[in-house]
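Colleague: If you scroll down you'll find the structure; I have some questions about it.
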Amino acid sequence: MEIINLNGQLVTDSRDIAKMVGRRHDQVLRDIKTVIEHLGDDHKSVGNYFIESTYKDNLNREKFCYLLTKKGCELYATRMTGEKGTLFAMTYIDRFNEMEQQIQNPINSLELALQAALKHEQELKVIKLDVDFLKGSMRIDSLQQQEIQQAAKQSIVQALGGKDSVAYKEISKKVFSAFWNEFKQYFKIPRYGDIPKVKHEEALRFISLWRPSTSLQMEIDSCNSQIAWGDEQ
Numbered sequence: 033m034e035i036i037n038l039n040g041q042l043v044t045d046s047r048d049i050a051k052m053v054g055r056r057h058d059q060v061l062r063d064i065k066t067v068i069e070h071l072g073d074d075h076k077s078v079g080n081y082f083i084e085s086t087y088k089d090n091l092n093r094e095k096f097c098y099l100l101t102k103k104g105c106e107l108y109a110t111r112m113t114g115e116k117g118t119l120f121a122m123t124y125i126d127r128f129n130e131m132e133q134q135i136q137n138p139i140n141s142l143e144l145a146l147q148a149a150l151k152h153e154q155e156l157k158v159i160k161l162d163v164d165f166l167k168g169s170m171r172i173d174s175l176q177q178q179e180i181q182q183a184a185k186q187s188i189v190q191a192l193g194g195k196d197s198v199a200y201k202e203i204s205k206k207v208f209s210a211f212w213n214e215f216k217q218y219f220k221i222p223r224y225g226d227i228p229k230v231k232h233e234e235a236l237r238f239i240s241l242w243r244p245s246t247s248l249q250m251e252i253d254s255c256n257s258q259i260a261w262g263d264e265q
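Following my numbering, the numbering of the sequence shown begins with 33 at its first residue and continues without gaps.
Next comes the structure, spelled out in structure tokens:
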């Protein structure tokens, strides 16, 4: 039995009544019309018991029905006797009481909805944390390692003045070592292959911006100046 909140008034459909009492809908409609006739001159109060309405059938045809209030169900129940009448009375009383309690205690329903929403939000946060953790713990793959290694080599060789430079021949190991020490220190990793995937682009940017320290640059310049000095001699 479905109870509907119609503009603050609880009602049920005459079709549901028909199902509950085991009668055809047209028979229930006839019963209700008989009850209305028995009200006699008190027709103005009919709306407190029965409300005229319509519905669409399976063929999309508009059909007539009644919406019964709690009083309407009580009035209809007076026409019934035996087990069916008792079961009908028990059912409509329970269902109307349940709906009345929900209306009288809207805060409880709101609290339940808020609790469900809060729980859902917390679950989403946990999932996001898990995803972020996985992203942060995933290391760069072999292709990305190769890309970083090649970019670093190119940047270091350029800082040395090229492969044909005196600095490259004499102190390239020192400069390479200085670069990788600075690189690992910046990213707080023991080896460059341990860089998280999420920092791959940052690693490439670090390489593109890297320059030797002042003292190391002076040493590179000193080595490479030997060529110019030798040419003058």
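For each residue, glycine too, the CB sits at the ideal point set by N, CA and C.
1) Throw me the rounded Cβ distance for the His232 and Ile188 pair, which I believe falls under 8 Å.
2) Looking at the structure shown, is Asn256 part of a helix, part of a strand, or coil, going by DSSP?
3) Using alpha carbons as the reference points, say which of Gly72, Ile203, Glu153, Thr101 lies closest to Glu84.
4) Over what stretch of residues does the beta strand (DSSP E) that includes Thr44 continue unbroken?
5) Quick check on the DSSP output: the beta strand (DSSP E) that includes Ile36 runs from which residue to which?
6) At a Cβ threshold of 7 Å, is Thr101 touching chain C?
7) Report all residues from its chain with a CB closer than 7 Å to the CB of Cys97; omit the five preceding and five following residues, and keep chain order.
8) Alpha helix (DSSP H) containing Thr66: first to last residue?
9) Once you ignore the five residues that flank Cys255 on each side, which residues in its own chain have a CB closer than 7 Å to its CB?
10) Which class does Thr86 belong to by DSSP, given the choice of helix, strand or coil?
11) Looking only at its chain, what residues have a beta carbon closer than 7 Å to the beta carbon of Val43, apart from the 5 residues adjacent to it on each side?
12) Taking the beta strand (DSSP E) that Leu100 belongs to, which residues open and close that run?
13) To test your reading of the DSSP string, which unbroken alpha helix (DSSP H) runs of 4 or more residues are found completely within the stretch 147 to 213?
14) Relative to the C-alpha of Ala191, which candidate in Lys206, Ile49, Ala149 has its C-alpha closest?
15) Using only alpha-carbon positions, find the residue among Gly225, Gln249, Ala183 that is nearest to Arg237.
16) Since Val67 and Arg111 are thought to touch, with beta carbons under 8 Å apart, how far apart are those beta carbons, to the nearest angstrom?
17) By the DSSP assignment, the alpha helix (DSSP H) with Arg237 in it spans what residues?
18) Applying the 10 Å Cβ sphere with the 16-neighbour rule, what's the burial state of Pro244?
19) If contacts are defined as beta-carbon pairs under 8 Å, then Phe211 and Tyr224 qualify, I think. What distance do you get, rounded to the angstrom?
20) I believe Tyr108 touches Asp63 by the beta-carbon criterion, under 8 Å. Please report the beta-carbon distance rounded to the nearest angstrom.
21) Select from Ile159, Ser257, Phe120, Gln176 the residue whose C-alpha is nearest the C-alpha of Gly54.
22) Just the Cα atoms here: how many angstroms apart are Glu34 and Leu161?
Modeller: On the basis of the supplied data:
1) Wrong, their Cβ atoms sit about 19 Å apart, outside the cutoff.
2) helix
3) Thr101
4) 41 to 45
5) 36 to 38
6) The structure shown has no chain C; it contains just one protein chain.
7) Asp45, Ser46, Arg47, Ser85, Thr86, Tyr87
8) 57 to 70
9) Val198, Ala199, Glu202, Ile203
10) strand
11) Ile36, Ile83, Leu99, Leu100, Thr101
12) 94 to 101
13) 174 to 192
14) Lys206
15) Ala183
16) 7 Å
17) 232 to 241
18) buried
19) In fact, because the Cβ distance is near 10 Å, the residues do not count as touching under 8 Å.
20) 7 Å
21) Phe120
22) 43 Å
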